[in-house]
Structure formats: C-alpha cells, structure tokens
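Everything on this sheet refers to the single structure shown next.
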Amino acid sequence: MSPGHRPARELLREAARRLTEAGVESPRVDAELLLAHCLGVARARLVTLDDVPDDVATRFAALLDQRADRVPLQHLTGTAAFRHLELAVGPGVFVPRPETEQIAGWALEQLAGTDRPRVVDLGSGSGAIALSVAHEHPGAQVTAVERDPEAIGWTRHNAERRSAAGDTPVEVLAGDMTDPALLTDLDGTVDLVVSNPPYVPDDARLPREVADHDPPMALWGGPDGLDVVRGLLDTAARLLRPGGRLAIEHADAQGGSLPALVRAHGRWTDVADHPDLAGRPRFTTGTRRA
Ligand code: GLN
1 MSPGHRPARE
11 LLREAARRLT
21 EAGVESPRVD
31 AELLLAHCLG
41 VARARLVTLD
51 DVPDDVATRF
61 AALLDQRADR
71 VPLQHLTGTA
81 AFRHLELAVG
91 PGVFVPRPET
101 EQIAGWALEQ
111 LAGTDRPRVV
121 DLGSGSGAIA
131 LSVAHEHPGA
141 QVTAVERDPE
151 AIGWTRHNAE
161 RRSAAGDTPV
171 EVLAGDMTDP
181 ALLTDLDGTV
191 DLVVSNPPYV
201 PDDARLPREV
211 ADHDPPMALW
221 GGPDGLDVVR
231 GLLDTAARLL
241 RPGGRLAIEH
251 ADAQGGSLPA
261 LVRAHGRWTD
271 VADHPDLAGR
281 PRFTTGTRRA
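Per the UniProt record's numbering, the very first residue in the sequence shown carries number 1; after that it's consecutive.
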C-alpha cells in the first residue's frame, strides 16, 4: 500500500460491515456500487483494483453515511438500471423497481409481431416502462403521461437521452391519468395501456427509504390504495381500441381486489393476475371488450 491510498478490498469489507450494522438490505452490493461510482468504473472492474486514492475514499465514506441513513442507492449514484436501460433518477422521481421490469416485459410480449402499435404509459415517472417499450419495440408509438411537475422533468430528461441514443422518440405529456379530457384525440385507437400507478393504501407503513425519498404522489392511493386505479380504468377503457390490452401494477396484497375491480368495471375480458419473480401477485391484465 502506498501512502495516501487504501486497498479496495479493505475499504469494501469495512463499508459492507457498516451498512450491515445500519440494517441496509444488500450491504455488499451497495458498497461495491458506491465505490465503483466514486471511481467512475464499472462494478466488475473493482476486482482488478488494488488501491483507492484518499480523496476517493473520502467521497466514498460520505456516500456510505448517506446510504446508512437510508438515502436510496440510486439517488446516490444518480442512475437506476431498468431492463436494458440506465435511467437518470434523483429526488423528486420514483425510483423504478425490479418488480416493474416484468410488467414491461408482458407489455412487450403483447406487441410482438405488430408493426406500429400505439402505447400509452400512465404515470411514467422516470419513464422506465415507456422508454423500455420504445427501446425494445422500435416501431411502437409511445406516449408517457406524468402529472407530477417535478417528476416530469426526469421523464423528459430520460426521454431526451434515449432518443439522442437512437431510440424511437417517446412523447411526454403533462397530465393526470384520471382526467376524462386526457388524450381524447387518441380515443379508441390505443393498442396497449400500461401503468404503475400509485397504489399504496393510506394506512400502510413504508420503509423510510421509500417514505422519505420517493414522491408521495407516486405512492399513495387512498384508503384501499385503489383510488387512482378507479379513474385509470375509465381512461384506459376510453383510449383502447376493442381488443386493446391493459396492464396495471399493484401491491402484493391487491392480487384479489384489483382483478375484482377490473372485472366489476364491466369493460374488460380475459382479466388475469400475474406474479412477480418472487411469486407475489404483482400486476393485473385485461382486454378491452368490443
Ligand atoms: N412498489 C412501490 C413500493 O415499493 C409502490 C409503488 C406504487 O405505488 N406504484 O412501495
């Protein structure tokens, strides 16, 4: 070890111990990702690294303090991985979750073999679902709707970055998914509506990491968590063509109530519920009746 440098291995061991003591869920991975971020290298490169310069170690220590205090990892690195994309995130926008990658995958399966499908993502946040659809199905004409004035700055930023990288541009629209006047020019023409709406019931207790850092507007859904979904169903039924497909994410405890709500709404057939990779009920799908 040269003066002014510390071995990466040692730093990481201490950091992982620190995050473990603080109760962070994936201490080792988080420590590695934060150190890689401070060094400006990919995480895989850490194994080839011997020493870490002191100024980097100091920056790393500061980020560890914040992580131990439950600032989301993605806010500290400024990016969230979602399917094939790296999205910019930070305070003011909901951090996309791995669970949501699957609903985007389902949406893409529905589009397979279609040429220029029209897709609407309601409550787009970082743009994760909309931008993944545009990236993986380049023919799709995608509109991302976001009501939160702060979050939509991130939607726009990510949409611009993806189109600069060569993806089909996604249209970003400021609007509320429960507004009867939203996107009326598309009435009856949309092939797929997908949404990760706010669905957390008012009395739920969320981890500090979520409650203190994700925008409340992206989380809370009224007494049973389904207030926004009720309006969303009307909007989706209006926008979709007969035979058009709908997918809505929900909480694991809503695997009964959300499909029941969709069936009772009366305008859907083939209503089904799907589990996430952990086997928990995660999203409901349906087809717009003729
Ligand atoms: N799944 C989110 C959480 O971790 C809730 C997201 C939502 O309401 N759409 O709390």
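A virtual CB, placed ideally from N, CA and C, is assigned to each residue, including glycine.
Mapping DSSP to helix, strand and coil, what is residue i?
i      : result
Asp212 : coil
Asp51  : strand
Ser132 : helix
Thr143 : strand
His157 : helix
Leu192 : strand
His37  : helix
Pro27  : helix
Gly286 : strand
Thr6   : With the sequence shown as reference, residue 6 is identified as Arg, and Thr is not the correct amino acid for it. It is a strand residue.
Ala278 : coil
Arg118 : strand
Asp185 : helix
Val271 : strand
Glu14  : helix
Ala174 : strand
Return the chain-ordered list of same chain residues with a C-beta closer than 7 Å to the C-beta of residue i, the five sequence neighbours on each side being excluded.
i      : result
Arg17  : none
Ser163 : Pro169
Glu10  : none
Asp30  : Leu19, Val24, Arg67 and Leu73
Val262 : Leu233, Trp268, Val271, Thr284 and Gly286
His135 : His84, Leu85, Arg162 and Asp167
Leu46  : Ala8, Glu32, Leu35 and Ala36
Met1   : For Met1, the predicted structure reports a pLDDT of 46, less than 50, and the residue's modelled location is therefore unreliable. A value from the coordinates is still provided. The residues are Pro7 and Asp51.
Tell me, to the nearest whole angstrom, how far the beta carbon of residue i is from that of residue j; I am working on the premise that it is less than 8 Å.
i           : j      : result
Thr155      : Val172 : 5 Å
Pro91       : Glu209 : The pair is not a contact, with the Cβ atoms about 13 Å apart (cut-off 8 Å).
Leu246      : Ala236 : 5 Å
Gly127      : Ala159 : 6 Å
Val228      : Met177 : 7 Å
Gly255      : Thr287 : Going by Cβ atoms, the distance from Gly255 to Thr287 rounds to 19 Å, so no, they are not a contact pair.
Ala80       : Val89  : 5 Å
Ala130      : Ala144 : 4 Å
Gly78       : Pro197 : Going by Cβ atoms, the distance from Gly78 to Pro197 rounds to 25 Å, so no, they are not a contact pair.
Gly125      : Pro96  : 7 Å
Glu101      : Arg83  : 5 Å
Pro201      : Asp179 : Incorrect: roughly 23 Å between the Cβ atoms, too far for contact.
Arg6        : Asp51  : 7 Å
Ala218      : Ala151 : 7 Å
Val194      : Asp121 : 5 Å
Glu249      : Arg282 : 6 Å
Gly105      : Pro53  : Not quite, the Cβ-Cβ distance comes to about 41 Å (not below 8 Å), so this is no contact.
residue 349 : Leu182 : Since the first residue shown for the chain is 1 and the last is 290, residue 349 is missing from the structure and cannot be characterised.
Val133      : Ala107 : 6 Å
Glu259      : Asp276 : Here residue 259 turns out to be Pro, not Glu, going by the sequence shown. Their Cβ separation, rounded to whole angstroms, is 15 Å, which puts Pro259 and Asp276 out of contact at 8 Å.
Pro215      : Asp148 : 6 Å
Could you check whether the Cβ of residue i sits closer than 8 Å to any Cβ belonging to chain C?
i      : result
Ala144 : Looking at the structure shown, chain C is missing, and only one protein chain is on hand.
Using a Cβ-Cβ cutoff of less than 8 Å, which residues in the same chain neighbour residue i once the five nearest sequence positions on both sides are dropped?
i      : result
Thr189 : Arg118, Leu239 and Arg241
Leu63  : Leu34, His37, Cys38 and Leu76
Ala290 : Pro242 and Gly243
In chain order, what residues of the same chain have a beta carbon less than 6 Å from the beta carbon of residue i, not counting five sequence neighbours either side?
i      : result
Leu233 : His265
Pro27  : Ala16, Leu19 and Thr20
Leu186 : Leu239
Tyr199 : Gly221, Gly225, His250 and Ala251
His213 : Pro72
*Residue ranges of each alpha helix (DSSP H) within the stretch 239-269, 4 or longer*: For the stretch 239-269, whole alpha helix (DSSP H) runs of length 4 or above, ordered along the chain, are 257-265.
*Entirely within the stretch 49-107 and at least 4 residues each: give me those alpha helix (DSSP H) ranges in chain order.*
54-68 and 73-77
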